[in-house]
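Q: At position 122 of the sequence shown (counting the first as 1) the number is 471 in our numbering, and the numbers step up by one without a gap.
Mind looking over this structure? Questions follow.
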Amino acid sequence: MSASPAYRGRFAPSPTGPLHFGSLVAAVGSFLEARSHGGEWLLRMEDVDEPRCPPGNDVLILRALEAHGFAWDGEILVQSRRKARYRECLDALVEAGSVFPCACTRADLAGAPAGIDGAHVYPGTCRGGLPAGREARAWRLRVPEGELAVDDAVQGRIAQDLARDVGDFVLLRADGYFAYQLAVVVDDADQGITHVVRGADLLDSTARQAFLQRCLGVATPEYAHLPVAVNSAGEKLSKQTLARALDEASPGPALVAALGFLGQAPPEAFRRASVPEIWSWALAHWQLDRVPRRRTLPAPGLESAGEEERS
Ligand code: GLU
């Protein structure tokens, strides 16, 4: 890898289960945006939430990516092996007075209003010190009042007031695991990521990450948030909503469907094209500004595409 490329993107799946159509969309979008800029595309296993990431899924994900014709640059970063690094960054924030220990339990926060992503806005209980007789459970980052805006290449300007919309957020969880927000910011910085292309379910996390980047003195990458595939109930495709794993024996239809989902209008005849043919068309035609400016979109009916093929 070159020292400081103009474009370095990444795909950062959480190995909670095998790859499904929703994760394929993020992989396709981030890959094409990187390659069409002559950039690098790195891979990261976001297994920081270890209890939710049973072993073996990482291998399944790599195999599915290969079957779908993806090639990545450099070493794969694995979050569960980076705890010492996260600890070092948290220590620096402790030293700077940017974080504080928090004794609050879920029950303590139950009465607080809901914030931007449905979680409670932290009411500031332990901000000025732990209440007498209580012990630290988690560590939280002190957030400022006032607007913090991020210009997203797909979704436009996203402004949040972290104090009002989120509150001081957790960097080290009560169960001892580091929080995604800390891991992702440290990893994006350490991997030298210049451009983050990912699902819009993370749009509301971006202001938090931009603020944390500031606290750690690292650069804020460019962001582009792609629409997230939802099922007929409007739920994000995920392991919890029983999204189907991608079919490695027949990668073409899902790739073509992902391109269509991202507004790229692949030719109808592509349903029978080979994986290299699909990628060569996609690389020649990819345009980020065709991606729908939507946070969610219904997932295409992959079953019916498969059935048509067989008839
Ligand atoms: N690990 C997250 C996911 O699989 C993606 C995080 C990110 O791209 O920042 O949804």
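We treat Cβ as the ideally placed atom computed from N, Cα and C, and that holds for glycine.
Just how far apart, CA to CA, sit G678 and F619?
A: No answer is possible for residue 678: the residues shown for the chain start at 350 and end at 660.
Q: In its own chain, which residues sit with a C-beta less than 6 Å from the C-beta of R547, not counting the 5 before and 5 after it?
A: A375
Q: Spell out whether any CB of chain C is found under 9 Å from the CB atom of C453.
A: Given the protein chain composition of this structure (a single chain), no chain C is represented.
Q: Under the three-state reduction of DSSP, which class applies to G378: helix, strand or coil?
A: helix
Q: For A456, does the count of other Cβ atoms within 10 angstroms reach 16, so buried, or fall short, so exposed?
A: exposed
Q: Is H369 near H544, with beta carbons less than 9 Å apart?
A: no
Q: May I have the straight-line CA-CA distance separating L458 from V470, to the nearest angstrom?
A: 8 Å
Q: Compute the minimum distance between the beta carbon of L373 and the heavy atoms of the ligand GLU, and state whether it is under 8 Å.
A: L373 has its CB no nearer than 8 Å to any heavy atom of the ligand GLU.
Q: What residues match up with A532 in a beta bridge as DSSP calls it?
A: The partner list for A532 (beta bridge, DSSP) is empty, contrary to what the question assumes.
Q: What did DSSP end up calling I410 once you bin it into helix, strand or coil?
A: helix
Q: Should R659 go down as buried or exposed, given a rule of 16 or more other Cβ atoms within 10 Å for buried?
A: With a pLDDT of only 36 at R659, under 50, the local geometry of the prediction cannot be trusted, and the value read off the model is given with reservation. Label assigned to R659: exposed.
Q: Assess contact between the region 571-587 and the region 403-416, defined as three or more Cβ pairs (one per stretch) separated by less than 8 Å. Is contact present?
A: No: the two stretches stay apart, fewer than three of their Cβ pairs being nearer than 8 Å.
Q: Give a yes or no on contact between the region 639-648 and the region 602-616, applying the rule of three or more CB pairs nearer than 8 Å.
A: yes
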